[in-house]
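Here is the structure we will look at, set down as structure tokens.
Protein chains in written order, with the numbering used here: chain A, 307 to 471; chain B, 9 to 87.
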């Protein structure tokens, strides 16, 4: 079905949206994650995304399948970038079509939250200072006592680990 | 036995390679990570990682078999 896939170049949202069309759908909700210019007090200039694609597409498919089971929506799709991205480039796109809007919002939120926490994708931030770092890996490597926090990261809605949203 | 190991992100940089075929006597992914930490001085602790064998999430105590492909998974940061 390929309801989760990777893009090596800019995500074609017009094409992705067409894949969600359904005569029974009354609308669709989408989420775009963008590269922003700061994270945790550092000025970000670009990002690199890397994925263990063989496992990532399986886990991504499982997430979308979970969403389709949990919420009465028509179709759902998630596309994630890999490679080098500049500021305001789109890193991830999620779209959900549904008869009614409520469950489309819920399913879209569920998919992006789960993707961020479960799919083996990594991002390296490059900073204006010339430094760079793998998000969620460098700091905890320096302070292993934070391991516990990472296991429960999904409970921290305002955690600043991501470079957008 | 021979195993295929793939490295990603921070661990790829620390190992200085993205994959290798390794002759090892490590019986489980946990043993294997210990062995590789000695070799590459990985900074992530085992508790921070997940592990996949043959492209599926695995238990750390699984018995490895010759030819298995092992990937250690650092904390993820998609989205």
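Note that CB positions come from ideal geometry on N, CA and C, so glycine has one too.
CB contact below 7 Å: residue i versus chain E
i: residue 392(A); result: Included in the structure are the protein chains A and B, with no chain E among them.
Beta-carbon gap between residue i and residue j smaller than 7 Å
i: residue 401(A); j: residue 323(A); result: yes
i: residue 399(A); j: residue 417(A); result: no
i: residue 403(A); j: residue 331(A); result: yes
i: residue 441(A); j: residue 393(A); result: no
i: residue 355(A); j: residue 387(A); result: yes
i: residue 472(A); j: residue 309(A); result: Lying before the first or after the last residue shown, residue 472(A) is absent from chain A, which here runs from 307 to 471.
i: residue 80(B); j: residue 19(B); result: yes
i: residue 421(A); j: residue 86(B); result: yes
i: residue 325(A); j: residue 377(A); result: no
i: residue 431(A); j: residue 353(A); result: yes
Contact set for residue i: own chain, Cβ-Cβ below 8 Å, skip 5 residues either direction
i: residue 73(B); result: 9
i: residue 407(A); result: 332, 333, 335
i: residue 359(A); result: 312, 388
Beta-carbon proximity list for residue i, same chain, < 6 Å, skipping 5 on both sides
i: residue 23(B); result: 15, 48
i: residue 449(A); result: Its pLDDT being 44, under 50, residue 449(A) is placed unreliably in this model, and the coordinates cannot settle the point.
i: residue 34(B); result: 40, 43
i: residue 54(B); result: 41
i: residue 77(B); result: 12, 62
i: residue 337(A); result: 400, 414, 418
Spatial distance of residue i from residue j (CA atoms)
i: residue 327(A); j: residue 75(B); result: 44 Å
i: residue 335(A); j: residue 413(A); result: 9 Å
i: residue 67(B); j: residue 60(B); result: 8 Å
i: residue 429(A); j: residue 17(B); result: 8 Å
i: residue 46(B); j: residue 71(B); result: 21 Å
i: residue 56(B); j: residue 31(B); result: 25 Å
i: residue 69(B); j: residue 443(A); result: 24 Å
i: residue 391(A); j: residue 346(A); result: 19 Å
i: residue 29(B); j: residue 36(B); result: 16 Å
i: residue 25(B); j: residue 313(A); result: 24 Å
i: residue 320(A); j: residue 50(B); result: 42 Å
i: residue 38(B); j: residue 423(A); result: 22 Å
i: residue 383(A); j: residue 373(A); result: 10 Å
i: residue 348(A); j: residue 439(A); result: 11 Å
i: residue 21(B); j: residue 375(A); result: 39 Å
i: residue 339(A); j: residue 369(A); result: 17 Å
Beta-carbon neighbours of residue i, restricted to chain B and to distances below 8 Å
i: residue 401(A); result: By Cβ distance, chain B contributes nothing, its closest Cβ being about 15 Å from residue 401(A), past 8 Å.
i: residue 332(A); result: Here the premise fails: no neighbours, minimum Cβ distance about 27 Å.
i: residue 369(A); result: None at all; the shortest Cβ gap to chain B is about 11 Å.
i: residue 418(A); result: 87
Per-residue contacts from residue i into chain A (C-beta, under 9 Å)
i: residue 69(B); result: Simply none; closest approach about 19 Å.
i: residue 16(B); result: 356, 357, 358, 426, 428
i: residue 63(B); result: 358, 360, 361, 364
i: residue 60(B); result: 358, 360, 361, 426
Same chain, Cβ closer than 7 Å to residue i, neighbours up to 5 away in sequence not counted
i: residue 7(B); result: For residue 7(B) there is no data in the structure shown, the boundaries of chain B being 9 and 87.
Chain-ordered neighbours of residue i on chain B, where CB pairs are closer than 7 Å
i: residue 422(A); result: 86, 87
i: residue 345(A); result: By Cβ distance, chain B contributes nothing, its closest Cβ being about 10 Å from residue 345(A), past 7 Å.
i: residue 386(A); result: 86
Contacts that residue i makes with chain A (C-beta to C-beta distance below 8 Å)
i: residue 73(B); result: None at all; the shortest Cβ gap to chain A is about 18 Å.
Where residue i meets chain B, residues with beta-carbon distance less than 9 Å
i: residue 397(A); result: 86, 87
Rounded Cβ spacing between residue i and residue j (contact assumed at less than 8 Å)
i: residue 425(A); j: residue 362(A); result: 5 Å
i: residue 427(A); j: residue 316(A); result: Between residue 316(A) and residue 427(A) the Cβ distance is about 17 Å, and since that is not below 8 Å, they are no contact.
i: residue 405(A); j: residue 380(A); result: 7 Å
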